[in-house]
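Participant:
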Amino acid sequence: MGNQYLDTGWFMMVLTLVMVSLILYNISRAHGGKDLYIRRISGLNAIDEAVGRATEMGRPVLMVPGLSASVNAKTMQAINIFAYVTRVAARFANPIMVCCADATVLTVCQEVIRDVYQQEGLADQYDVDSVRFISDRQFAFAGGVAGLILREKAAATFFLGEFYAESLILAETANSVGAIQVASSTELTQTPFFIAACDYVLIGDEYYAASAFLTRQPVLVGSLIGQDWCKLAMIAMILCGTTFNSIQQRGTTTTEHKEGKWVDLPKERLVLAKDTFFSRLLKADPEKNIKLDPPREKLPPDQLPSGGPAGGDK
Amino acid sequence: MAMDQQAAPLTLAEKLQSLPKPMIYGILLVVATIPLFFSVKLPNKCIDPSIDFYAQAMKLPDGSKVIICSDWTNSTRGESKGEMEALLRILMRKNIKFVLLSIGDPQAPQVAKDTIREVTSAEELHGGKHYKEFEDYVNLGYFPSGEGTIVSINNNVRSVAQGKKDFPEGSGPKDALQSPVFEGIKSVSDFKMFFLVTASSTNRTVLERLTNCPMMYMVSGVMVPENTSYYASGQLKGLCGGVKGVYDLENLMEVGINNPGPGQITSDKYKGESIPGWPGKTNTGKGTAYYLALHFTLALLIIAVIVGNLGMYLSKRRAN
Amino acid sequence: MDYSLLKQFVAVTATVGLYSVLYKENKFYRFWEHVFLGLASGWALVILWTDVLKSGWYEKMLGASAADGNTAVMGYWPYMFLLPIGLMAYTVFNKKHNWLSRIPIGIILGLYSGQQFSAWMTYYGPLLNDSMKPIVPNTAEFFHPATVVPGTVYVSDALTNLIALLTVISVLTYFLFSFDVKSKVLHATSTTGRWLLMIGFGAIFGSTVMMRFTLLIDRMYFIWIEFVKQGLLHMK
Amino acid sequence: MNLFLQVDPKSFWNAPHGSTELTVKLFAAFIIGIGIAVGLTFIPAQLRKWVVRFVTFGAGLFYVLFWIFPRPISRAPTDAPRGAIEGMSFWIADSQPVIMTLTNVIAGFMIGLGIYSLLRVHFSKIAKQQRDWAFSAVLVISMLLMVTLGYADFLQRQDPANFGLADQKNWGLVNYGKDLLFDGLLQNMDAGMFSIVAFYIMSAAYRAFRARSIEATILLVTALIVMLSLMGVVEFMWSGAIDSISKDNGLIQSFKLSAISGWLKGTIQTPAIRGIDFGVGIGLLAMGLRLWLSLEKTGGEA
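Chains as they are written, first to last, in my numbering: chain A, 1 to 314; chain B, 315 to 634; chain C, 635 to 870; chain D, 871 to 1172.
(1) Is the stretch 1137 to 1146 of chain D close to the stretch 832 to 850 of chain C, with three or more CB pairs under 8 Å?
(2) Are the C-beta atoms of P192/A and some chain F residue less than 9 Å apart?
(3) Under the three-state reduction of DSSP, which class applies to Q1026/D: helix, strand or coil?
(4) In whole angstroms, what is the alpha-carbon distance linking V1044/D and D1029/D?
(5) Which of the three DSSP states, helix, strand or coil, is assigned to C360/B?
(6) Going by other Cβ atoms of all chains shown within 10 Å of its Cβ, with 16 needed for buried, is Y637/C buried or exposed?
(7) Per DSSP, D1049/D is paired with what?
(8) Could you say which of H868/C, L761/C, G748/C and M869/C lies nearest to R518/B if we only look at CA atoms?
(9) When we look at the beta-carbon of I1115/D and count the other beta-carbons within 10 Å, is it buried (16 or more) or exposed?
(10) According to DSSP, simplified to helix, strand and coil, what is R137/A?
(11) Could you check what DSSP says for F496/B in three-state terms: helix, strand or coil?
(12) Enumerated in chain order, which unbroken segments of the alpha helix (DSSP H) with a length of 4 residues or greater are wholly contained in the stretch 952 to 987 of chain D?
(13) Count the other C-beta atoms from every protein chain shown that fall within 10 angstroms of the C-beta of R632/B, then say buried if there are 16 or more, exposed otherwise.
(14) Considering only residues of the same chain and omitting the five flanking positions on each side of Y710/C, which have a CB-CB separation below 8 Å?
(15) Would you call C240/A buried or exposed, if buried means 16 or more other Cβ atoms sit within 10 Å of its Cβ?
(16) Can you find a C-beta in chain B that's less than 9 Å from the C-beta of L214/A?
(17) Tell me which residues share the same chain as L224/A and place their Cβ nearer than 7 Å to its Cβ, disregarding the 5 neighbours each side in the sequence.
(18) Among A93/A, V71/A and S28/A, which has the Cα closest to the Cα of A977/D?
(19) Measuring CB to CB, does A907/D end up less than 9 Å from M714/C?
(20) By the criterion of Cβ-Cβ separation under 9 Å, what are the contact partners of L15/A in chain D?
(21) With contact counted as at least three CB pairs below 8 Å, one residue from each stretch, are the stretch 361 to 375 of chain B and the stretch 384 to 396 of chain B in contact?
(22) Tell me, to the nearest whole angstrom, how far the beta carbon of Y933/D is from that of Q749/C; I am working on the premise that it is less than 8 Å.
(23) Are A76/A and M1157/D touching if we call contact CB-CB under 9 Å?
(24) Taking just the CA atoms, how far does L673/C sit from M1063/D?
(25) Just checking my contact of L405/B with L454/B at CB under 8 Å: how many whole Å lie between their CB atoms?
(26) Determine the closest residue to L793/C out of F861/C, P771/C and N704/C, with distance taken between C-alpha atoms.
(27) Since L202/A and E540/B should fall inside the 8 Å C-beta cutoff, what is the C-beta to C-beta distance between them, to a whole number of angstroms?
(28) Can you name the residues that DSSP bridges to L510/B?
(29) If you pair each beta-carbon of the stretch 135 to 147 of chain A with each one of the stretch 40 to 55 of chain A, do three or more pairs fall below 8 Å?
(30) Counting only beta-carbon separations shorter than 9 Å, does A209/A have a partner in chain D?
(31) Output needed in chain order: residues of the stretch 230 to 243 of chain A with a Cβ under 7 Å from some Cβ in chain D.
(32) Residues in the same chain with beta-carbon distance under 6 Å from Y724/C, minus the five sequence neighbours each way, listed in chain order, please.
(33) Are the stretch 1040 to 1054 of chain D and the stretch 586 to 596 of chain B touching by the rule of at least three beta carbon pairs closer than 8 Å?
(34) According to DSSP, simplified to helix, strand and coil, what is K583/B?
(35) My output table needs one value for E268/A: the three-state DSSP class, helix, strand or coil.
(36) What ranges does the beta strand (DSSP E) occupy inside the stretch 94 to 175 of chain A, keeping only unbroken runs of at least 3 residues that lie completely in it?
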């Protein structure tokens, strides 16, 4: 049974399950009504200020949920934050615009934004065309949104989600019309460009913490604390691994693990990084020639596949 | 903007801090253009990821088989095409057959094929072999579901090619699996290397899912830091990043590694080994053509940043 | 004028049109922007069939015959169920039944989220491993000598590894959200974490600049060398 | 038999190409599908949430099983499973190629929504002759041209008799038109728009890269060092200068530009990015978990 996990190793599987249970445990803890602490995230306090300023100027708030090819966790997170922004904007009766780069994202945005207006009792204010599809082609999208920003003179812009090279086109264009900008890219390579061109930037994990901070939903707060526990667990593991490796790599060895078996070395040598206990735990060495014992029976002739995607290893 | 600021003439410090954008853009345009008209061979120092890339590619047995996943289109032509050209030159000179596929963009296979055609006709001029579609490389085309495709490649590479048609020169479509490239291929580990030429996030798609074949990436400059991390952890055997990586490869193809002579490139990692180059053949391409202009544009950026900071420093001193 | 020159001419005009926005928003840009958007969505509709639905759905659903007329690939009819599922999304504009659009979205999100566990495992295992480098040297030598013995941890390596370890940990600490940063140690670590992040971002900026400038240089090469010099003036 | 195993052998779930059986089953499937969709509209409001949850969970469950269930080893295509557990593991392995296409196909059917949204905006502009309506007309015309020429070209190339189209000599008007629109315009506009980023980098760096605070200074200095190290000439001269001071002194040698920038990348940048990445990974894992189990309310509450 254990053999099946040889290509990945059992340890990482257990670790993943531990992480998942830490998160689930904290969600249930938060559900129990415990009041849990989350620290301030500076970029998020700017949301109300940005929308307020847009209202003063009478210009729209523009939101872009990134360039994801279909809805996924990253866009859902952006949409959750946009729901909050829209709520604030709706209360001020400020026009909004959501520019989507994918039809599935558009569907979710339509649904969520309309819900927000309905919950606020402002269903008549909702304009279907405020959530629009621009293009699913990266630079056509960038060109289209840049054009919209310039013509509509957006007063506040929110770029949250998966952004790639177009990040700076959007951010600099918005900067040139004097918009106040809150941005975050799940692509770390784009973060420095947002830092250079935008007013507030959510870095890395702050993005995933944002919805918990804004809405204080127990599930989200609990999950965020669970994530913190996971990070602490990782820190502990890294420290533990470093200590272990430091000790182990001071010694020598006469055997090494190769293709799932221990083999003798011709000469004693220093312990290498790949020989260490932790390395074998985290990067299991796939065992090549596993034999099945006893062999399987063959399929009856009428059920034989004639080739094609019937899969499995080899 | 405050009115009185416009009335009063700007001081030098203020001027330095607020150069008009069109002026900066104009200078950049000029600086990026003029060096293109001059061909100058610049001195260079090859970095380790490029050296590893070259060495590992050169260590592939002649006539072996590899997979090229090409995920770039014309929008990143400046970097990716140079990378692709360098890779193809190495593979073609070593007579390595390859499977071509794309998980990044529907247009990528066509762009890759155009590049293959250009490189193979350039190679023919120097007595190189003419690479024929279907015979020497097989094009599986574009796969819309990248994640699933890589999982399938990892599990059963033949299932991915099942039902795909390739178009040999001058005849109708044939089943890709009948191509000589797939001869004797049972699983992905029968391919000696998986090359990914990409300018998009497919690097992670592959990294997370492909475990049964060694990998080397050719990525655009923006992706270098991220992928250096995978190179450092050994997940990638070599890495060619951006136009600098291409320039490195072009130099390496000229002189090889640890070969005495002019412009010698030495590497401690391959000490005692000598990996040949191909002096006399066409090794230079986009890397050499663009490297000079890149110098000037980078220098311009540095100057712009210095000018801005100088202005800020001057105005601070005045305020004090 | 031959075709390839015409094609280049059109491309150069469009490029100049898009560049004109750098000066200011103008009608020339607006024209090319709308052409761009139109072509892009037209192309999306073309590849929707030719690259996604035809091979991924339609042909699998109908199967195929071999040259001799026998069935080569069986038709797989359950694929037909996907059409009504996809169509459910179109209820989103309907006030009463819009919830149906959540079903296809639910399937997509479900398929996505189910993959996250294995993706996390395969991705972070090697990275965790690589973050555990030894921080105690096993030799007194400081720098790498000419020949490096495999497995030797030189003092400089150990120092570098230590700094790398501290970096990972202080950055991770910076992203702890549920702890009060009033604690002095935690505050110091997370401030350091932020500074170290800036080093990381600075380095990313530096290497990205290279690519962006290369693309501009490539465009200039296209306009001036390929179009003007080689195309119009027939110079080599 | 496996519902998701789409190849032979013959089972209930497939039928020969072009047979009446296939046509009937396809038709029946479509009617049943529509029937289910219509039937769902009668579901009471409080159950709707559960339908969506169930569907999401079911879809996610497949990949969770794919991950956690033992994989078949040393399996030949003709092997029969040796029991229920292995039967399940064969089933999962066989189903994966089909499941992997679902997202794309379903998302593919939804693209019409995007196009509808786009056309709605522009047609209403044209109809009301609002400001810039002419540009909206340009958009619609270029879209129609692209669709028409794109499909016409595709259909021509589909015909095996037309393999000569790979050579430009044999092109007709349609092929030239499609090539001009796609290769000449669309692709080059992509490249053009992308290269605009270079200008914006210039202005953003000039405006924002001021040594105002410690953080900004750190960012600025690192960026400068890395940029200098990318300039082969500077690097070459710098290392020449270092070598002229001492060729053997390890300390002096490590002040080479490439050494500094390499050290910065390896020692600080990579671990820093990794640190963020660990956090992001956990965030993504948690978000995936919440989505799979439908734990969070989309849109949130005030």
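We treat Cβ as the ideally placed atom computed from N, Cα and C, and that holds for glycine. Every value quoted in this text rests on a predicted model; they were computed, and no experiment measured them.
Facilitator: Taking the structure as given:
(1) The stretch 1137 to 1146 of chain D makes contact with the stretch 832 to 850 of chain C, as at least three CB pairs between them are under 8 Å.
(2) Absent here is chain F; the protein component of the structure consists of chains A, B, C and D.
(3) helix
(4) 15 Å
(5) Residue state for C360/B is assigned as coil, using DSSP reduced to three classes.
(6) exposed
(7) Paired residue(s): none; D1049/D is not in a bridge.
(8) L761/C
(9) exposed
(10) coil
(11) helix
(12) The stretch 952 to 987 of chain D is shown to contain whole alpha helix (DSSP H) runs of 4 or more residues at 954 to 979, in chain order.
(13) exposed
(14) Around Y710/C: K694, M695 and G697.
(15) exposed
(16) No, because no Cβ of chain B sits closer than 9 Å to the Cβ of L214/A.
(17) I38, A209 and A212
(18) Of the residues A93/A, V71/A and S28/A, the one whose Cα lies closest to the Cα of A977/D is V71/A.
(19) no
(20) Within 9 Å Cβ-Cβ: nothing; L15/A doesn't reach chain D, min ~11 Å.
(21) no
(22) Their Cβ separation, rounded to whole angstroms, is 5 Å, which keeps Y933/D and Q749/C in contact under 8 Å.
(23) Checking the sequence shown, residue 76/A turns out to be Met, not Ala. Cβ distance < 9 Å, so M76/A and M1157/D count as in contact.
(24) 14 Å
(25) 17 Å between Cβ atoms; not a contact.
(26) P771/C
(27) Not quite, the Cβ-Cβ distance comes to about 19 Å (not below 8 Å), so this is no contact.
(28) C383/B and Y531/B
(29) no
(30) yes
(31) Answer in chain order: C230, K231 and M234.
(32) Excluding residues within five positions, none has a Cβ falling inside 6 Å.
(33) Inter-segment contact for the stretch 1040 to 1054 of chain D and the stretch 586 to 596 of chain B is absent: fewer than three beta-carbon pairs are separated by less than 8 Å.
(34) coil
(35) Per DSSP, reduced to three states, the secondary structure at E268/A is strand.
(36) 96 to 100, 131 to 133 and 156 to 161
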